[in-house]
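First residue of the sequence shown? That's 1 in the UniProt record's numbering, and the numbers climb one at a time after it.
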Amino acid sequence: MYISSDFRRMPTDLFRRWTIALLFWSWLSVLFDGSNIGALAKSTIHHENDDTLYRPGASFTDQVSFDNYSLSLRGQRIFLHSGEFHTFRLPVPSLWPDILQKVKASGLNAVSVYVHMGLLNPSRGVVDFDGFRVLKPLYEAALEAGIWIALCPETSAGDIAHWATSEVAGMLRTSTPDWREAWMDYILGIIKETTPYQITEGGPVIAIQIDNEFTQSVGGEYFAELEEVYQNSSIVLPLTYNDPGQGRNFVNGTSAVDLYELDSYPQGFDCSHPLDWQAVPLDYHQYHEEVNPSQPWYFPEFQGGAVDGWGPAAPAILGYSSCAVLTGTDFMSVFYLQLWASNAKLFSYYMLYGFVYTSYDYGASLKRQGLFVRSSPEFYKTDWIADSSTGLSILSSDTVFATYLLNPDTQSGFYIVRHNDSTSTDITDFKINVATAEGDLQIPIVASAVILGGRQSKVIVTNYAFGSSQLLDILFIYGDTSQEHEIALLLTGRAFRKNYDISSFRAMLTPSCVITIFSFPTLVLFADSDTVATFWAPSIIVGGPYLVHLASISGTELALKGDLNASTPLTIIAPAVVSSVTWNGAALSVNVSSSLTAIGGLVGELSLSSASVDIAVAPTLEGWKFDDGSFVVANHTTTNIPRKPYYSDGTILYGCDYGFCENVQSLNLSINGGSAFAASVWLNNVFLKTSYGNSTNNINILEETDAVFTFPEGAVLHGDNVITIVQDNMGLNETSGTNPDSSKSPRGIRGFQLNSSKFTQWRVQGKIGGYTDYTRGVFNEGGLYGERKGWHLPGFDTSSWEALASFVRTFDLHIPEGFDPLGQTYRAYLFVNGWMMSKRIGKPRVNWTPQAKFPVHQGILDYSGTNTVAVALWAMEANATIAPDLQLSGLDGIVTNNPRWSPAGRV
């Protein structure tokens, strides 16, 4: 890296050029932080108020504006650096501030938030913003953390309200009157809840995505109706749209949105082969210039992880850790910097926090990129000049690919380099010709070459101004300890060592070491990549903890808040006035150290306390009873679902059509349940077999089966015989292609036929009718008998259960304050204090789930009281023995909301 830095605000008593060649085994990467001591950095690069900023027809507030470079909020140009956060996956609003503080600590400045129509609009005419469906605490937590929100109240499946898929006769996501009626209450509810929290009202919400991943040819009039409702309401924000591919939808013409966006998941999701890479897309910039060149380049969903699919191709042996390899730090280096190279200045990682897995933990690389972007306003406005495919010839090796971006106002240059073959694992050395304030140079000058590791990308910066030089500017440079690097600084300012007369020096960096090059008035630090990952920059510099999300100074006291995963040394670079430090409210013993900076720093030790957590063991489950007397008689003969039954006596056996949304020698059944579903069939009390769907891993997907169930000898009785089918509904499909009615999934029995007789009557049972559990929401319960009875709820009386005494278990939990659970291991369906927390499917070679650990947060678990755990086991094969092995493994102010059992509404 070659950096030229000019401290323009300082008096010029001394001018000296320093060239520093650093012989590390490390990669000298990018600016880590440019913050001032004691205050947030004020950059020497002004934030433009540009009269050309794009506001089409003034249809939205001038507090949100943009041009072809980037977004501006209240006249200040920003780089929108965001991640996806689904609050409905964490149904404890008290924990949302913790997530947003971690987002901020990672260098991001925004979150994209999906709002789930199916949860908020559980039935026609009902819009529910109570409990964990509430938006107000999310907005207020974002304000407190300093995080912007791009809101996505989309109406596409999979979060479309399930009732609409059967009750709406017209085509979904079109301008049909009954579909408009179906979404209207929901959208008006979103408008009412969001209006007071728009940026114009001092709130965090800056944009609304009108709908998600659709096509203009089918949905143009529908989009126009949505836009009309927003624009005639109290919403004054730009409306956006997320294109699932390069389809050029909703850019121009009828229903064009204010700001176009593009999805991209370029690595794919084959976690079974995590080392097999896809090549980086080369046409991002070209597509942007062709489609919406007057707007900034926005990726609202860019791959931030991979789906660990169910089924025979899922990496069950490797586990989810293989997905973290597929989209880990190497992926972030190459693919995220390719976004930079395409001149994108707005993007959001999908997912950032999704709750379901605990192993989504490869954020160190993301944090380093985030802190560079946060500290580098010169990067917010750049022209795309050229790359190696368009004639940029600046490299000494043809195995390296470069893109050149240039700030037109300051002439700061950004050269983004990677291997020409982005999947290459080779180590390559090269030199590069760059334009600098000192003239054209080939660098490095002292070091032998720039080293590019396998599957690695770098940013080489020229004419780059950092800091404000009001108190102390900090440049923290880092890299791998296996490479040689070079940095050059152009300094102006008062002499601080008048007899210090060298032109270059060399230093050897070892792991876990931080080297000070300059100390005052500019602090320049060097460290290896692993060490720098332990440093944080909330407004000061803190090194050591697993996470630091807040830092504040009151008088002489510095208050830090964060998380630990191990005991660690603590390093703090803070104003000289600081003499005491607290960590999460507890006083720390710290000492003044001059080892890093001439103005001093503080060092200490953070200790992780040990505590034991009692293990809750689930006992053997046995004995259950069943009665279909309260089942609904299945007598429908028509349905709004376009995929009709194949064969039957005219009776419709689709679950949603009954309000659940969710003799003879043989029986032929066609059953539809979605990817990886299952359906078990009994004749009287004789188990016949289970029919399985297949795979969510995009390989041999089978969401419907047609099977013959042969009756064993003696199973058919004289008189009445009862066929019982227990089916798992895996949810409704997303819109497929240009057919919005593909979301009207025919979950249920699409065909039934006895080989030599007819059925006299069908009965169907789904989840309990009405909307019994308002707190936990419409998706919490299914149609299992125990769920309908409320066996899984705290307070249900099991004292009379002899055969079923071990089905529900209560246990007392005493976890010390300040500890977070790392995960819990479950089998089958698990309910904790009434909340359905996990689904574990184990079926070798058919459709197993690779996940075996599921997080259960405080707020669901009562850390200071009695907890109820219920397990529903479904044996899918004859003579199966299932013995669940459950273990509980291991914050102040977390609110629990676990209503106890009540007979009201239960049958």
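By construction, the Cβ of each residue, glycine as well, lies at the ideal position given by its N, Cα and C atoms.
Given this structure, state the Cα-to-Cα distance separating residue i from residue j, to the nearest angstrom.
i, j, result
"V127", "R133", "10 Å"
"E181", "L861", "39 Å"
"E605", "A527", "20 Å"
"Y320", "Y284", "29 Å"
"S609", "D263", "44 Å"
"F79", "S670", "52 Å"
"T382", "A676", "47 Å"
"A715", "S272", "43 Å"
"D720", "A872", "29 Å"
"R747", "T638", "15 Å"
"D728", "Y546", "41 Å"
"Q456", "I477", "17 Å"
How is residue i classed by DSSP in three states: helix, strand or coil?
i, result
"A872", "strand"
"G562", "strand"
"K689", "strand"
"H288", "helix"
"P794", "coil"
"E228", "helix"
"H162", "helix"
"Q338", "helix"
"D330", "helix"
"V168", "coil"
"Y353", "strand"
"D426", "coil"
"W96", "helix"
"E154", "coil"
"L366", "helix"
"F223", "helix"
Answer with buried or exposed for residue i, where buried requires no fewer than 16 other C-beta atoms within 10 angstroms of its C-beta.
i, result
"I725", "buried"
"S838", "buried"
"D13", "Annotation note: pLDDT 24 at D13 (below 50); position unreliable, coordinate value reported separately. Counting Cβ neighbours within 10 Å, D13 comes out exposed, since fewer than 16 surround it."
"M332", "buried"
"E227", "buried"
"M184", "exposed"
"G865", "exposed"
"P177", "exposed"
"E301", "buried"
"S72", "buried"
"E84", "buried"
"G790", "buried"
"I427", "exposed"
"K758", "exposed"
"T738", "exposed"
"S149", "Sequence inspection shows Ile at residue 149; the Ser mentioned does not correspond to that position. I149 comes out buried."
On the DSSP bridge list, what partners appear for residue i?
i, result
"W297", "DSSP lists no partner for W297."
"Y415", "Y404, I460"
"N591", "V603"
"K839", "Y829"
"D383", "L406"
"E84", "S112"
"N252", "The partner list for N252 (beta bridge, DSSP) is empty, contrary to what the question assumes."
"F526", "I477, I515"
"T240", "Q209, L259"
"R124", "DSSP lists no partner for R124."
When the distance is taken between beta carbons, is residue j closer than 8 Å to residue i?
i, j, result
"G454", "D480", "no"
"N212", "N242", "yes"
"G309", "Y350", "no"
"L366", "I385", "no"
"H419", "T390", "no"
"K744", "L119", "no"
"N407", "T436", "no"
"M730", "G766", "no"
"F414", "V459", "yes"
"S424", "E378", "no"
"A551", "P538", "yes"
Indicate whether at least one CB of chain D lies closer than 8 Å to the CB of residue i.
i, result
"T582", "As a matter of chain content, chain D is missing from the structure shown, which is built from one protein chain."
Any heavy atom of the ligand NAP closer than 7 Å to the CB of residue i?
i, result
"S342", "Judged by which ligands are present, the structure shown has none, so any question about the ligand NAP falls away."
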